[in-house]
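> Under this note's numbering, residues 1 to 375 are what the sequence shown spells out, in order.
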Amino acid sequence: MVSGCIQLLAGLRPPLIGAWAVVASMVLGAVATWAQESKPLPHPPNAVQVLAFETKKVMHEVGEPVTFLCTLQVSNATPSLIPTQGELVSPPLRVEVWDEHGLNEPVKMVEARLDKAAREPVSLELVWQPSTGLFGHQAHLRVFDSAGRELAQAHTLYEVADGRWQHLMRFAAMGGHLAAGEHLGEDDLRRIVRAMRDAHLNTLELFAWMPEPHDFTPETPLWKSAYYRRDKDARISAENIIRLGRLLHENGMKLVAYNETSVLEPSVSIPGQDAEAYKVYYRHGDGRLELQAPYKTSGQCFQPNSLKVADLFAREMAESVRRFDWDGILMDSATQAFYATANGHDAKGNRLTDLTPGQVGERYVGTARKAVHAV
């Protein structure tokens, strides 16, 4: 029986040897083929960190070049296989910036090549001539190595406007004593602008900055806000308003002044003139006339006749723009004032005007715009 088993195994041996020979031949052939056709494996990828990516300015005019500021840190640099003059170089990196606007497909705007493995962060400026696509854009930064592997990404926002930038506002509002107080230095003002950029804001509205609700041409270099007069509240600095505006403009951002369009103090703003002509009376159903919301404690007139004060407002606004270089004005209660004028009466019960509220507003704002554009 044992002999029979030995004979059986002996009989199987030649076929097994033949099978292994076939397998070995296939493997060796495959290895030889791979060795002939394969290419060197790509180098290990570098580690790339995007330290900063943003546009030099936030808002751009149509056709104005957009400058992208990019800072990269490249580490784990691999020496190139190409002989050099003793310099350590990394396999080249390709830096691309893509633009996404509306529902359009992303478009590659600009690219750059980075060859050397810098020991310190590398800063790049990439300039692109934008299309006429208005409103918001999102830019995508993408970093690739020579093997096509994407190593890093970053994103930022910017706007393109045709002059009507007010339609693009994403604004922050700050009190004058906080954003332009006399205690603030250059670094403090820069931190305000930096915080706005990090939040992708593009406009700062300065409110509660006037010494009186009606006064937006202060004569003194320092003053207390009409609404923040406590001892602990900082005085507002005219110089800091100007410096803050310059920093915002350097970043392509806007500075907007808050204004109580609907407040007037005749004894201050209109010396020697009878205040009665500037007042608006509301007629009740029973025929009684009531002065439109006066400030009884201060004597200021709330909701004055917009048509009567239009020229005064225009002169004051133009002077304020000349001093502080405002980009715009937020007109509080303006619509309410225009309605009050269009529907109002004088002390004798006569209608002030036949104009509609919209026409009153158009004349009021148009007069101011004309005066400001002349500055």
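Beta carbons: idealized from backbone N, C-alpha and C, even for Gly.
(1) Going by CA-CA distance only, name the one from ASN202, VAL143, VAL66 that's closest to LEU165.
(2) Taking one C-beta from the stretch 275-285 and one from the stretch 346-363 each time, how about it: are there three or more such pairs within less than 8 Å?
(3) Identify every run of the alpha helix (DSSP H) within the stretch 295-352, keeping only runs that are complete inside it and at least 4 residues long; order them along the chain.
(4) Could you check whether the stretch 172-189 touches the stretch 213-230, counting it as contact only if at least three pairs of C-beta atoms, one from each stretch, sit closer than 8 Å?
(5) LEU355 by DSSP, collapsed to three states: which one?
(6) Compare the beta carbon distance of VAL143 and LEU126 with 8 Å and say whether it is the shorter of the two.
(7) Tell me whether GLN166 sits in a helix, a strand or coil according to DSSP, three-state version.
(8) Suppose you measure from the CA of THR156 to the CA of ALA139; what does that come to, to the nearest Å?
(9) Suppose you measure from the CA of GLN376 to the CA of LEU330; what does that come to, to the nearest Å?
(10) With DSSP run on the structure shown, which of helix, strand or coil describes TYR227?
(11) Across the stretch 197-211 and the stretch 247-257, are there enough close Cβ pairs to call them in contact, namely three or more that are closer than 8 Å?
(12) So ALA257 is in the beta strand (DSSP E); what residue range does that whole segment cover?
(13) By the three-class DSSP mapping on this structure, what secondary structure does ARG142 have?
(14) I want to know whether the stretch 229-245 touches the stretch 180-193 - three or more CB-CB distances under 8 Å.
(15) Can you name the residues that DSSP bridges to ALA161?
(16) Are there 16 or more other CB atoms within 10 angstroms of the CB of ASN104, so buried, or fewer, so exposed?
(17) Just mark TRP34 as buried or exposed, buried being the case when its beta carbon has 16 or more other beta carbons within 10 Å.
(18) Taking all protein chains shown into account, do 16 or more other C-beta atoms lie within 10 angstroms of the C-beta of ASP145, making it buried, or fewer, making it exposed?
(19) Can you tell me whether DSSP reads GLY245 as helix, strand or coil?
(20) Mind checking whether MET59 and LEU134 have CB atoms under 8 Å apart?
(21) What does the alpha-carbon distance come out to for the pair ALA52 and GLU159?
(22) Which of the three DSSP states, helix, strand or coil, is assigned to ILE6?
(23) Give the DSSP-derived three-state secondary structure of MET376 in the structure shown.
(24) Determine the burial state of PRO211: buried for a count of at least 16 other Cβ atoms within 10 Å of its Cβ, exposed for fewer.
(25) Using the rule of at least 16 other Cβ atoms within 10 Å of the residue's Cβ for burial, across every protein chain shown, is PRO129 buried or exposed?
(26) State the Cα-Cα distance for the pair ALA374 and ASN343, rounded to the nearest angstrom.
(27) In the DSSP assignment, find the unbroken alpha helix (DSSP H) run with ALA441 in it and report its ends.
(28) Report the residue from ASN259, THR217, ARG149, GLN153 whose alpha carbon sits nearest the alpha carbon of CYS70.
(29) With a threshold of 7 Å on Cβ separation, who are the neighbours of LYS308 within its own chain once the five nearest residues in sequence on each side are excluded?
(30) Go ahead and label GLU99 buried or exposed: buried means 16 or more other beta carbons lie within 10 angstroms of its beta carbon, across all protein chains shown.
(31) Please state whether DSSP places GLY102 in a helix, a strand or coil.
(32) Would you call LYS57 buried or exposed, if buried means 16 or more other Cβ atoms sit within 10 Å of its Cβ?
(33) Taking 6 Å as the limit between beta carbons, can you name the residues of its chain near ARG369, skipping five residues before and five after?
In this structure, then:
(1) The question names Leu, yet the displayed sequence has Trp at residue 165. Considering only alpha carbons, the answer is ASN202.
(2) Segments in contact, yes.
(3) Here the runs fully enclosed are 306-324, 334-343.
(4) A contact between stretches requires three or more CB pairs, one per stretch, nearer than 8 Å, and the stretch 172-189 meets this requirement with the stretch 213-230.
(5) Three-state DSSP puts LEU355 in coil, outside helix and strand.
(6) No, the Cβ-Cβ distance between VAL143 and LEU126 is not below 8 Å.
(7) The three-state reading of DSSP puts GLN166 in helix, counting H, G and I together.
(8) Inter-residue distance for THR156 and ALA139 is about 5 Å (C-alpha atoms, whole angstroms).
(9) The question about residue 376 has no answer, for the chain in this structure spans 1 to 375.
(10) Looking at TYR227 - three-state DSSP - the assignment turns out to be coil, as it is neither helix nor strand.
(11) Contact holds between the stretch 197-211 and the stretch 247-257, because three or more Cβ pairs, one in each stretch, are under 8 Å apart.
(12) Its beta strand (DSSP E) spans residues 254-259.
(13) Strand at ARG142.
(14) Of all C-beta pairs linking the stretch 229-245 to the stretch 180-193, three or more are shorter than 8 Å, placing the two stretches in contact.
(15) Paired residue(s): GLU61.
(16) ASN104 is exposed by the Cβ-count criterion.
(17) Confidence in TRP34 is poor, its pLDDT being 44 and thus under 50, which makes the residue's placement too unreliable to answer from.
(18) Taking all protein chains shown into account, ASP145 has 16 or more neighbouring C-beta atoms within 10 Å of its C-beta and is therefore buried.
(19) For GLY245, the secondary structure class from DSSP, reduced to helix, strand or coil, is helix.
(20) No.
(21) Taking the straight line from one Cα to the other gives about 19 Å.
(22) With a pLDDT of only 38 at ILE6, under 50, the local geometry of the prediction cannot be trusted, and the value read off the model is given with reservation. Here ILE6 sits in helix by DSSP.
(23) The question about residue 376 has no answer here: the residues shown for the chain are numbered 1 through 375.
(24) Classified as buried, PRO211 has 16 or more neighbouring CB atoms from the shown chains inside 10 Å of its CB.
(25) The residue you asked about is not Pro; residue 129 is Gln in the sequence shown. Looking at its Cβ environment, which holds fewer than 16 other Cβ atoms inside 10 Å, GLN129 is exposed.
(26) If I take the Cα positions, the gap works out to 32 Å.
(27) Nothing about residue 441 can be read from this structure; the chain reaches only from 1 to 375.
(28) Taking the Cα of CYS70 as reference, the smallest distance to any Cα among ASN259, THR217, ARG149, GLN153 is reached at GLN153.
(29) Closer than 7 Å at Cβ, skipping near neighbours: ALA277, TYR278.
(30) Per the sequence shown, residue 99 should be read as Asp rather than Glu. ASP99 should be labelled buried.
(31) GLY102: coil per DSSP, three-state reduction.
(32) LYS57 should be labelled buried.
(33) Within the same chain, ARG369 has no close Cβ partners at all.
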